[in-house]
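Peer 1: Take this structure, written in structure tokens, and hold onto it; I'll ask about it next.
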Amino acid sequence: MVSFKHIALSAGITAFVIGLGWSAYTHNKRSPHLQVAPLPPVVVDGAPVDYAFEMTMTMLKKGEKQALPGLTFAGVFQNRHAASKTITTAWTKVSKFSLQGQDIPDEVRDAFLNKIALIETVNSDIHHTIQKDFPEAYLGLELNILGKIFLPIASVGASPLTRAESDETGRYNVKYESPKPNEIVRTWVQAHNPSIKVNPKINTLVYDYDETGLLTSIDGRIEVEMAESKDSAIVYSTTVSVKMLNKSAEKPEKITLSHDLFRKIDLATVAEITATLQNQTASSDDHLTFDQAMTKLKELKKNTDFNSIMQISQSLEEEILKNPENIKHVVDAILANRERDEDREQQMSVLFGALSSTPLAATADSLVDLAQNTCPDNYCRIQALLAIGNHPTPEAHHAQDLLTIGESAVAKNEVDVFTTAYLSAGSVASRVEGDVPELSKAIIRDFNGDDDPAHRSALLAAMGNHASVDYIPTLEKSAKDEEVMIRAAALYSLRNVPSDSAKATLMSAIDNEASDIVANELLGALEYKNLNGEDYAKIARTFAKSEDENVQTRAITLLVHGLNQNDAQAEAALKSFRSATTLPEIKTYIQNELDRKNGVSPAKAP
């Protein structure tokens with residue numbers, strides 16, 4: 009019999025749907041393996057409602073014509089409302105389940121059945137718990153499906169609402185609007201990661217409700233392009249369909265569910281499980297024990313080959329996952345390393361990397377403690393701050409801890425510590441579910457109370473990392489500041505803010521910006537936005553006049569992306585740019601891109 013674990017891990021390229029990835033964001037307390045959700049008993053008294061569900065995902069490599077099957081999942085789920093306003097849901101039938109065109113065995117499908125999940129929305133944050141005996145290897149898939157079915161908001165007013173939301177592929181700006189009564193349109197506007205592009209024409213799910221607010225259907229398709237390299241990308245297309253089948257007219261008996269039956273599921277839990285499963289199934293040929301890895305670590309030099317470094321790094325991560333007690337030994341090794349030559353810095357990089365890459369709450373806690381309390385010098389503190397800023401599963405309180413460190417560094421005039429702490433605080437806040445309003449208020453307060461341009465630029469950059477809508481007034485005002493570095497930081501920090509006005513501010517700034525420094529940051533921010541034909545034309549018209557080759561190259565990058573999306577107006581803008589620029593290198597660059605698109609051999613540089 010094939011195990012759940014091996015079937016799930018065999019999915020490979022379908023990882024972005026079933027949750028076998030390392031991109032995870034959460035604000036919930038975690039522990040390795042099972043966690044009991046802190047819920048009182050749930051009384052279920054609502055009438056059951058049955059729904060037909062189907063989700064498919066296909067993969068199309070850029071340049072190829074035939075899409076490959078990724079995931080097909082179809083069945084029937086039943087919802088009931090609980091007295092506590094919690095919704096319960098469970099699969100009553102799984103009729104289709106395949107990965108990469110291979111059918112999943114019946115015993116795996118059967119393991120999904122009648123496992124109750126609890127859906128609770130608190131302050132526009134949605135929380136999921138599920139029975140502990142749900143197959144662990146497929147919690148990522150279940151969480152992805154629940155995230156498509158259940159909305160974090162109950163209704164939308166007259167104006168659209170845009171908010172940042174995360175799934176296992178990353179963080180997105182998602183817009184909600186209600187064009188007609190009893191309908192909510194959910195649109196994935198942009199990814200915070202510039203290597204992920206949302207198709208602006210195929211990016212919506214439509215939710216319909218009856219007069220009582222009961223869901224009746226969901227229909228739509230989302231298409232994202234994920235870059236593998238400069239010249240390679242895969243387009244993932246996910247289609248979702250939900251239809252109400254029937255609603256029971258009879259009031260069933262109440263059911264009381266103890267929270268002891270459930271575990272919390274979130275993206276951090278999925279990341280931990282994924283890492284553990286991958287660790288268990290990985291080849292052990294190159295794996296080192298913890299002691300072996302630590303011994304080899306002491307032999308690392310600045311010029312040690314990459315493969316040897318990766319062997320030590322990956323072995324340390326796997327050994328920490330196997331036994332979190334090893335975290336203490338890694339921290340001890342960091343504190344024992346007091347020399348700061350290039351060889352020791354290479355060793356420190358591996359140690360901090362092991363803590364930063366391992367998706368456990370304890371590794372995040374250890375990094376904050378190093379930065380806040382135990383590091384012997386600022387080099388160590390900065391490495392710890394950078395590491396927590398890159399940790400895959402931080403919590404909201406870590407952002408607050410980093411803010412405290414940053415504020416303390418200001419008083420001591422430790423500019424590097426101050427800058428790194430605030431940038432990492434913003435980065436952490438962007439990766440936890442829900443907002444961290446305390447951080448937004450504190451960063452705005454500190455920005456308004458500081459006259460030092462370097463400090464203010466760092467605080468603006470922290471706002472950009474966090475990307476909360478709370479920063480919009482400050483960023484838009486700072487985008488017009490007389491100080492070049494302030495303008496540059498403010499404009500780039502608008503890249504991920506979930507607001508329609510952010511793109512408008514960026515496009516408006518093009519008209520009057522004379523600084524090449526600011527122009528570079530402005531164009532960098534636009535790489536995150538969905539551009540249209542008018543935008544492409546304006547970019548070409550404005551930046552073809554620039555005398556800075558870097559500015560022109562960055563502008564062309566935006567136009568080339570449109571060209572790759574088969575946008576005729578982007579192609580026209582590129583040709584216009586080619587005619588207007590006076591730089592021969594840029595003319596050749598554009599011609600090569602146009603030739604590549606049309607299958608012509610590239611021109612030679614002049």
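Numbering (the working numbering), first residue to last: 9 to 614. Using N, Cα and C, we set each Cβ at its ideal position, and we do this for glycine too. Being a predicted model, the structure only gives us computed values, none of them experimental.
1. Leu265 and Ile124: beta carbons closer than 8 Å?
2. Kindly confirm or deny that the segment 307-326 and the segment 196-213 touch, where touching means at least three C-beta pairs closer than 8 Å.
3. Assign Leu411 to buried or exposed, taking buried as 16 or more other Cβ atoms, counted over all protein chains shown, within 10 Å of its Cβ.
4. Over the uninterrupted alpha helix (DSSP H) stretch that includes Glu593, give me the two end residues.
5. Any heavy atom of the ligand FAD within a distance shorter than 7 Å of the CB on Val526?
6. Could you pull out every residue in the same chain whose Cβ sits closer than 7 Å to the Cβ of Pro622, ignoring the five residues on either side in sequence?
7. On the DSSP bridge list, what partners appear for Lys400?
8. If we call anything under 8 Å between Cβ atoms a contact, is Met121 one with Thr100?
9. Consult DSSP for Glu529 and reduce its assignment to one of helix, strand or coil.
10. Identify the continuous alpha helix (DSSP H) that holds Tyr430 and give its terminal residues.
11. How would you label Ser316, buried or exposed, when you count the other beta carbons within 10 angstroms and need 16 or more for buried?
12. Should Val376 go down as buried or exposed, given a rule of 16 or more other Cβ atoms within 10 Å for buried?
13. Quick one: residues in its chain with C-beta nearer than 7 Å to the C-beta of Leu394, no 5 flanking neighbours on either side, listed in chain order?
14. Can you check whether the CB of Ala469 is closer than 8 Å to the CB of His200?
15. Where in the segment 260-341 do unbroken runs of the beta strand (DSSP E), each at least 3 residues long, occur, reported from the N-terminal end onward?
16. Assign Tyr597 to buried or exposed, taking buried as 16 or more other Cβ atoms, counted over all protein chains shown, within 10 Å of its Cβ.
17. Count the other CB atoms, across all protein chains shown, that sit within 10 Å of the CB of Met67; report buried if there are 16 or more and exposed otherwise.
18. How far does the alpha helix (DSSP H) with Arg503 in it extend, from its first residue to its last?
19. Below 8 Å on the Cβ atoms is my guess for Ile204 versus Val232; work out the distance and round it to an integer in Å.
20. Write down the C-beta distance between Pro367 and Thr401 rounded to the nearest angstrom, noting that I regard them as a contact closer than 8 Å.
21. State the DSSP-derived secondary structure class of Ser465, mapped to helix, strand or coil.
22. Just grab the DSSP bridge partners of Pro77 for me.
23. Would you report the Cα separation of Asp409 and Met234, rounded to the nearest angstrom?
24. Let me check understanding here. Comparing Cα to Cα, which of Ile134, Asn311, Tyr146 lies closest to Ser106?
25. Should Glu601 go down as buried or exposed, given a rule of 16 or more other Cβ atoms within 10 Å for buried?
26. Find out if the Cβ-Cβ distance for the pair Leu530, Leu499 is shorter than 8 Å.
27. Alpha carbon to alpha carbon, how far is Pro56 from Leu253? Give it in angstroms, no decimals.
28. I'd like the list of long-range same chain contacts for His337, defined as Cβ closer than 8 Å, with 5 residues on each side in sequence excluded.
29. If Pro168 and Tyr184 are in contact, beta carbons under 8 Å, what's the gap, nearest whole angstrom?
30. In its own chain, which residues sit with a C-beta less than 7 Å from the C-beta of Gly414, not counting the 5 before and 5 after it?
31. Could you check if Pro384 is buried or exposed, using at least 16 other CB atoms within 10 Å of its CB as the buried criterion?
32. Would you kindly report the start and end of the unbroken beta strand (DSSP E) that includes Ser103?
33. Is it true that the segment 263-280 meets the segment 239-246, where meeting means three or more beta-carbon pairs spaced less than 8 Å apart?
34. Tell me the rounded alpha-carbon separation between Leu571 and Glu484.
35. Nearest-angstrom Cα distance between Gln198 and Ala510?
36. DSSP three-state label for His200, please.
Peer 2: Straight from the coordinates:
1. yes
2. no
3. buried
4. 592-605
5. As far as ligands go, the structure on display features none, and thus does not contain the ligand FAD.
6. In the structure as shown, the chain starts at 9 and stops at 614, and residue 622 therefore has no counterpart that could be examined.
7. Here residue 400 is Pro; the residue named in the question, Lys, does not match the sequence. According to DSSP, which records beta bridges pairwise, Pro400 is partnered with nothing at all.
8. According to the sequence displayed, residue 121 carries Leu and not Met. In contact: Leu121 and Thr100 (Cβ atoms closer than 8 Å).
9. helix
10. 423-438
11. exposed
12. buried
13. Thr428, Ser432
14. no
15. 263-265, 270-273
16. buried
17. buried
18. Here Arg503 belongs to no alpha helix (DSSP H), and DSSP marks it neither H nor E.
19. 6 Å
20. 4 Å
21. helix
22. Thr66
23. 33 Å
24. Tyr146
25. buried
26. yes
27. 11 Å
28. Phe298, Met302
29. 7 Å
30. Phe426, Ala429, Tyr430, Ala433
31. exposed
32. 95-107
33. no
34. 30 Å
35. 12 Å
36. coil
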